[in-house]
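Participant: Below you'll find the structure I mean.
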Amino acid sequence: MKTGLTGWLSPEGVFHSCKYGEHYQLAQDIFDEHEERERLHQERQEVFKSKDGYVGERDSLASMRWIPMGVPDWGSQPQKDYLFVKFDVGITEAQLDWFKSNKDKLSETQLNMLNEFLSDEEMEMI
61 MKTGLTGWLS PEGVFHSCKY GEHYQLAQDI FDEHEERERL HQERQEVFKS KDGYVGERDS
121 LASMRWIPMG VPDWGSQPQK DYLFVKFDVG ITEAQLDWFK SNKDKLSETQ LNMLNEFLSD
181 EEMEMI
């Protein structure tokens, strides 16, 4: 049985794991400690402008093509597992490559959510 993954997937295809329910804290840590934090802060300012106000770290990352995914610590549950790709920003080639290499680690619910988002062409890639 696939256990699923919990964390953030960067646009560059790098997975940052965290515990279920700790995405907000990890998002803050990414903004504070990421090797490209200056670029992230500049991109976040663009998100602020486009949203006409304050946007938290979690929503900022999602708007910048970071993909949050999660499975409870106590095990995969269809009503609690998730993987969210923002339709308005899409998915990067590096993320597609990462999913191709790691799709066997996703829970069934996460894989179904990914399949719902991807185009037929992208599905063939993974």
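Residue numbers for the sequence shown follow our numbering, so the first one is 61 and each next one is one higher. Glycine included, each C-beta is placed from N, C-alpha and C at the ideal position. Fair warning: this is a prediction, and the values are worked out from it, not measured in the lab.
(1) Mind the definition here: the segment 68-82 touches the segment 126-145 only if three or more C-beta pairs lie below 8 Å; say whether that holds.
(2) Excluding sequence positions up to five away, which residues of its chain have a Cβ less than 8 Å from the Cβ of T63?
(3) Use the C-beta contact count for G67: other C-beta atoms within 10 angstroms, 16 or more gives buried, fewer gives exposed.
(4) With respect to the beta strand (DSSP E) encompassing I127, which residues constitute its N-terminal and C-terminal limits?
(5) Closer than 6 Å by C-beta to A154: which residues in its own chain qualify, once you throw out the five before and the five after it? Chain order, please.
(6) When the Cα atoms are used, what is the spatial distance from D119 to L100?
(7) Within this structure, are the beta carbons of F177 and V145 separated by less than 7 Å?
(8) DSSP three-state label for F75, please.
(9) For E181, count the other beta carbons within 10 Å of its own beta carbon; 16 or more makes it buried, fewer makes it exposed. Which is it?
(10) Applying the 10 Å Cβ sphere with the 16-neighbour rule, what's the burial state of M61?
Facilitator: In brief:
(1) As far as the Cβ criterion goes, the segment 68-82 touches the segment 126-145, which means the pair count is three or higher.
(2) Correct list, in chain order: V131, G135, S136, K165, S167.
(3) By the 10 Å Cβ count, G67 comes out buried.
(4) I127 -> beta strand (DSSP E) spans 127-130.
(5) Within the same chain, A154 has close Cβ partners E72, G73.
(6) So the two alpha carbons sit approximately 13 Å from each other.
(7) For the pair F177 and V145, the CB atoms are nearer than the 7 Å cut-off.
(8) DSSP places F75 in strand when its eight states are reduced to three.
(9) It is exposed - the Cβ of E181 has fewer than 16 other Cβ atoms within 10 Å.
(10) With a pLDDT of only 45 at M61, under 50, the local geometry of the prediction cannot be trusted, and the value read off the model is given with reservation. Exposed, since its Cβ has fewer than 16 Cβ neighbours within 10 Å.
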